[in-house]
Each structure stands twice: as structure tokens, then as C-alpha cells.
Amino acid sequence: MTLYPALIVCEHCDSVYRRHDLGVDEIARCGRCRAVLYRASRLDIDHLLALTLAAAIVFVIANVSPVIRIAVSGMHNEANLLQAISALSQGSALLVGLVAGATLFGVPLLQIVLLGWVLLFARVGRRAPGFGVAMRVLHWIRPWSMTEVFLLGVLVAIVKLSGMLNVIAGPGTYATVVLTVLITVLAKRDVRTLWERLSDKTEVEWAE
Amino acid sequence: MSAVAPRADELGLVGCHTCGATCSADASHCPRCDSRLHPRKPDSLARTWAFLIAALILYIPSNTLPVIYTSMLGRGEASTILHGVVEFWKSGSWDIALLIFIASVAVPSIKFLVLGTLLVTVQRRSGWARLQRARLYRFIELIGYWSMLDVVVVALVCALVQFHLLGTAEPRLGIVFFGLVVVLTMCAAMSFDPRLIWDGEKGNPE
Numbered sequence: 002m003t004l005y006p007a008l009i010v011c012e013h014c015d016s017v018y019r020r021h022d023l024g025v026d027e028i029a030r031c032g033r034c035r036a037v038l039y040r041a042s043r044l045d046i047d048h049l050l051a052l053t054l055a056a057a058i059v060f061v062i063a064n065v066s067p068v069i070r071i072a073v074s075g076m077h078n079e080a081n082l083l084q085a086i087s088a089l090s091q092g093s094a095l096l097v098g099l100v101a102g103a104t105l106f107g108v109p110l111l112q113i114v115l116l117g118w119v120l121l122f123a124r125v126g127r128r129a130p131g132f133g134v135a136m137r138v139l140h141w142i143r144p145w146s147m148t149e150v151f152l153l154g155v156l157v158a159i160v161k162l163s164g165m166l167n168v169i170a171g172p173g174t175y176a177t178v179v180l181t182v183l184i185t186v187l188a189k190r191d192v193r194t195l196w197e198r199l200s201d202k203t204e205v206e207w208a209e
Numbered sequence: 066m067s068a069v070a071p072r073a074d075e076l077g078l079v080g081c082h083t084c085g086a087t088c089s090a091d092a093s094h095c096p097r098c099d100s101r102l103h104p105r106k107p108d109s110l111a112r113t114w115a116f117l118i119a120a121l122i123l124y125i126p127s128n129t130l131p132v133i134y135t136s137m138l139g140r141g142e143a144s145t146i147l148h149g150v151v152e153f154w155k156s157g158s159w160d161i162a163l164l165i166f167i168a169s170v171a172v173p174s175i176k177f178l179v180l181g182t183l184l185v186t187v188q189r190r191s192g193w194a195r196l197q198r199a200r201l202y203r204f205i206e207l208i209g210y211w212s213m214l215d216v217v218v219v220a221l222v223c224a225l226v227q228f229h230l231l232g233t234a235e236p237r238l239g240i241v242f243f244g245l246v247v248v249l250t251m252c253a254a255m256s257f258d259p260r261l262i263w264d265g266e267k268g269n270p271e
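Chains as they are written, first to last, in my numbering: chain A, 2 to 209; chain B, 66 to 271.
In C-alpha cells:
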């Protein structure tokens, strides 16, 4: 069983290339299908860890504070993300409530926790316990993280309700804005380079 | 990039989908991350068709059944997704109407059309517009999950509008079908293997 660290295979069309070192902000694209092969990151592990920690803090704020507050004839009400998910999970709509709970809450939470765990050990050049599982899970859940859709949904709901009620965007909305930016920045980084950076050379035999 | 790059199967290589390692094709599992290796995604066409057809079937009740029930001052009303779009339009919020229309109607329809086209052309081993089809695939992968927008809006409105007699809102069955359509179309896009577009290619694509 052999690995070829000098080569890269395009995931979209199976073309094989020799890896080159990239300059800052350069992107390597496939000559056949033009998909991105890999990109240079100006963020190192410390930067990523700091951003992950920030995302964790903002995630808590986004989930405990109300995103929208409404008032009508002396009565008022407010809701945060988890309350919205549980309101969706009533009766026959339970199934979609579970989908929303997973994509808006569970997956982003798992992303932050796993990334933080892996990066914490990567900082000192080590593979975290459960590194392989964490990295595989991070890869497979990535398409199911929908924080940015939640943000757009909040904005639409504000407009929808402002027609008949008094609507205020709560602190949760601002936290969601920041969280969206942080998760987008973090998810765009290809953490798969950690496989190489923290290579466990005893496990496999390397080939040229 | 004038020279055509060789393809992994010609060199006896396979790329790991999970960690991106380049492995020799005789390995069944990636030596680096222990994921299963597939030269092509298993049963890609059959699985994509299955997810796509299931999504198309559920797309009908997701549009005909109401997604939300609202009652204001005793006057109750169950509305579908399209009903919601029309209401935004009439109230003057044409931009929000357009946004919901794109996310809830246009995006799923585009996914059905594009995935259907990709499946048929790949099955016919077509060499037509390979680069454009590859780009279309990446485009629908990118836009797919924005359809979840309406689910979020329904969830928020139902959580907020809880004023007993004055006004309440509850989710209805249509939103379940709609959520499932989004999940199924995402599964369909993930099961499709874009490498199939390039199989059987001879000579330079340019």
C-alpha cells in the first residue's frame, strides 16, 4: 500500500498533477475541468485555532440570545434558534424539525468542536486522539452546515413580520452574522492539509 | 495548461475522496485515513436517479400542501410556498418575493433539470460540452442548500407568532415534504460522480 504525496488527483475529473508550492492567495486549478485542486492559505494553525475559538464563543451567543423580538398591542415575544427549531418540531412537522436541528445547530456545533480539538493538538505538531475519525467526520458533514441559510431566513422573517408587527433584530442576529463569516472562512480552508503536516510516518511506506 | 493531464485510472492511481491522498489503485482502503477507495462512486447513476425521482415525487406535495397555518384575530389561513411568494409580491416586497421564489422554486427546478441532463448525457457517453457540464455540476452543488430558506422562515414565524387569541402560527405538512426535497436533491448531487462526465474522452478537450 503506497501513497504518492507529490501527486494530486482532481476530485472532479480524475486528472493527475504534480503538486507545486503556491504563493500567497494563489489557487491551483485543474486544466481539464477547471475545478480548484488546492489553494494557498495565509492562515496558519494558530490563526485557525483563534478563529475556531471565536466561532465557539459567537455560537453560544447566537444560540442563547434572541434573534428576533416582536411586539403587538402591548404583548411581546422573542425567539432564538433553538426555539425556532422546537417550534418547527411540533406534531407532523417533527421530521423537518430534525433536519433543521441537524443542519442549523448540530452540524455547525460539531464542526467547531472537532476543528478545535484537531487544531489544539496540531499546534504542538501532534495528531489529536481520534484524529482520523474527527477529520473524516469534518469532511462528510461539511456540505450539511447551513448557518448562512439561517441568517438569510432571519432577514426574510424580519421583513415578513414587520408588515403587521413591531419587529426588532435581537443580539442573536448580530452573533449569527459574525458566526456566518467565521464558519465560511473556516470551512473554506482545506484542513485536509493537516493529514500531510501531521504525517504519521510509521504507518505507511512513502513512495516517490 | 496546454498538455492534457493523464487520468488516475490510466496511471493505476486513485484519489481518496476523504483526505485527498493519492493512492495506488490496488488498495481497497486509503492507507492514510482508512476510508474506502472508489475509482468511481459506487452505483453513482442508479443512486442519483433514485434520489432525483424520489425528490421529484415529493416536490408535488411540497408545493400543493400548505407549509404554514396562521391565524390572526380569529381568521385562520393555511398557505403554500407559492401563496407566500404572491403575498410578498402584492404587499410590495417584490425583492423578498423574488428571493423566496429563487430559493424555493427556481433552485430545486434547476437542480432537477441539470441533474437529469447530466445523468442522460453521461449514460449516452456524450462528449458534448464536457467543461460546461462539469461547471454546471459544481454550480448546483454550490446553490443546493439555499432551498432550506423557507424551512427557516417557517420555523421562525411559528416560534414568534404565539399570541393565543390575537395570532398564532403553526407548521403544516407541506414544509416536511419541502425539507425532504432539499435533503434528497442534495443527496442526489452528492451521489453523482462528475468524473463520469470525462470518461471516454479522447484527445484534447480544448
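Ideal placement from N, C-alpha and C gives every residue a C-beta, glycine not left out.
Residue interval of the alpha helix (DSSP H) (run including residue i)
i: A/ILE71; result: Unbroken run through A/ILE71 is the beta strand (DSSP E), 69–73; no alpha helix (DSSP H).
i: B/ASN128; result: 109–129
i: B/GLY141; result: Unbroken run through B/GLY141 is the beta strand (DSSP E), 140–144; no alpha helix (DSSP H).
i: B/CYS252; result: 238–256
i: B/GLU206; result: 195–208
i: B/LEU102; result: Note, B/LEU102: premise wrong, no alpha helix (DSSP H); not H, not E.
i: B/VAL79; result: That residue, B/VAL79, is in no alpha helix (DSSP H); its beta strand (DSSP E) goes 78–80.
i: B/THR186; result: 172–188
i: B/LEU231; result: Unbroken run through B/LEU231: none, as it is neither H nor E.
i: B/ILE165; result: 159–166
i: B/LEU261; result: 260–263
Whether residue i touches residue j by CB criterion (9 Å)
i: B/THR250; j: B/LEU180; result: yes
i: B/TYR259; j: B/ALA199; result: With the sequence shown as reference, residue 259 of chain B is identified as Pro, and Tyr is not the correct amino acid for it. It is a contact, given that the beta carbons lie within the stated cut-off.
i: B/VAL216; j: A/ILE71; result: no
i: B/ALA253; j: B/ARG105; result: no
i: A/GLY171; j: A/VAL59; result: no
i: A/LEU187; j: A/LEU23; result: no
i: B/VAL222; j: A/LYS161; result: yes
i: A/ALA158; j: A/SER66; result: no
i: A/VAL17; j: A/LEU8; result: yes
i: B/ALA220; j: A/ALA85; result: yes
i: A/ALA94; j: B/PRO236; result: yes
i: A/VAL150; j: B/MET213; result: yes
i: A/VAL119; j: A/PHE132; result: yes
i: B/GLY232; j: B/LEU123; result: no
i: A/VAL10; j: B/ALA73; result: yes
i: A/TRP141; j: B/CYS98; result: no
i: A/LEU83; j: A/PHE106; result: yes
i: A/ARG20; j: B/ALA70; result: no
i: B/VAL319; j: B/VAL170; result: Nothing can be reported for residue 319 of chain B, as the shown portion of chain B is limited to 66 through 271.
Buried/exposed call for residue i, threshold 16 Cβ in 10 Å
i: A/GLN91; result: exposed
i: B/LYS155; result: exposed
i: A/MET165; result: exposed
i: A/THR185; result: exposed
i: A/GLN112; result: buried
i: B/GLU271; result: A caution first: B/GLU271 carries a pLDDT of 41, below 50, which makes its placement in the model too unreliable to give a value.
i: A/TRP145; result: buried
i: B/GLY265; result: exposed
i: A/ASN64; result: buried
i: B/GLY85; result: buried
i: A/GLY126; result: exposed
i: B/TRP159; result: exposed
i: B/TRP263; result: buried
i: A/LYS189; result: exposed
i: B/HIS82; result: buried
i: A/THR174; result: buried
i: A/VAL134; result: exposed
i: B/ASN269; result: Residue placement at B/ASN269 cannot be trusted, given a pLDDT of 47 that sits under 50; what the coordinates show is reported in the next sentence. Result: exposed.
i: A/ILE28; result: exposed
Nearest neighbour of residue i, chosen from the options [CA to CA]
i: A/LEU110; options: A/MET147, A/LEU121 and A/CYS31; result: A/MET147
i: B/ARG101; options: B/VAL79, B/LEU121 and B/ILE122; result: B/VAL79
i: B/VAL185; options: B/THR83, B/LEU117 and B/ASP99; result: B/LEU117
i: B/LEU147; options: B/VAL132, B/LEU231 and B/LEU110; result: B/VAL132
i: A/SER42; options: A/LEU54, A/ALA57 and A/ASP26; result: A/ASP26
i: B/ALA143; options: B/VAL151, B/ILE205, B/MET255 and B/ALA234; result: B/ALA234
i: B/ARG203; options: A/ILE28, A/CYS11 and A/ALA36; result: A/ALA36
i: A/ARG128; options: A/ALA94, A/LEU44, A/LEU199 and A/PRO6; result: A/LEU199
i: B/ARG189; options: B/ILE122, B/VAL170 and B/LEU110; result: B/LEU110
i: A/VAL97; options: B/GLY239, B/ALA70 and B/GLY77; result: B/GLY239
i: A/LEU38; options: A/PRO130, A/GLU12, A/HIS140 and A/ARG190; result: A/GLU12
i: B/SER191; options: B/GLY77, B/LEU261 and B/ALA92; result: B/LEU261
i: A/ILE169; options: A/VAL178, A/VAL155 and A/LEU180; result: A/VAL155
Run of the beta strand (DSSP E) containing residue i, from where it starts to where it stops
i: B/VAL218; result: Counting along the chain, B/VAL218 falls outside any beta strand (DSSP E), though it belongs to the alpha helix (DSSP H) covering 214–225.
i: A/ILE86; result: That residue, A/ILE86, is in no beta strand (DSSP E); its alpha helix (DSSP H) goes 82–89.
i: B/ILE133; result: 133–137
i: B/SER89; result: 87–89
Any non-hydrogen atom of the ligand FMN within 8 Å of residue i CB
i: B/GLY77; result: With respect to the ligand FMN, the structure offers nothing, as it holds no ligand at all.
Contained alpha helix (DSSP H) runs [length at least 4] in the segment 93–164 of chain A, N- to C-terminal order: 95–101, 108–123, 132–142 and 148–163
Any chance you could list the alpha helix (DSSP H) runs of at least 4 consecutive residues sitting entirely within the segment 168–198 of chain A, in chain order? 172–189 and 194–198
Please give the ranges of any alpha helix (DSSP H) in the segment 10–68 of chain A, keeping only runs that are unbroken, at least 4 residues long and fully inside the region. 46–65
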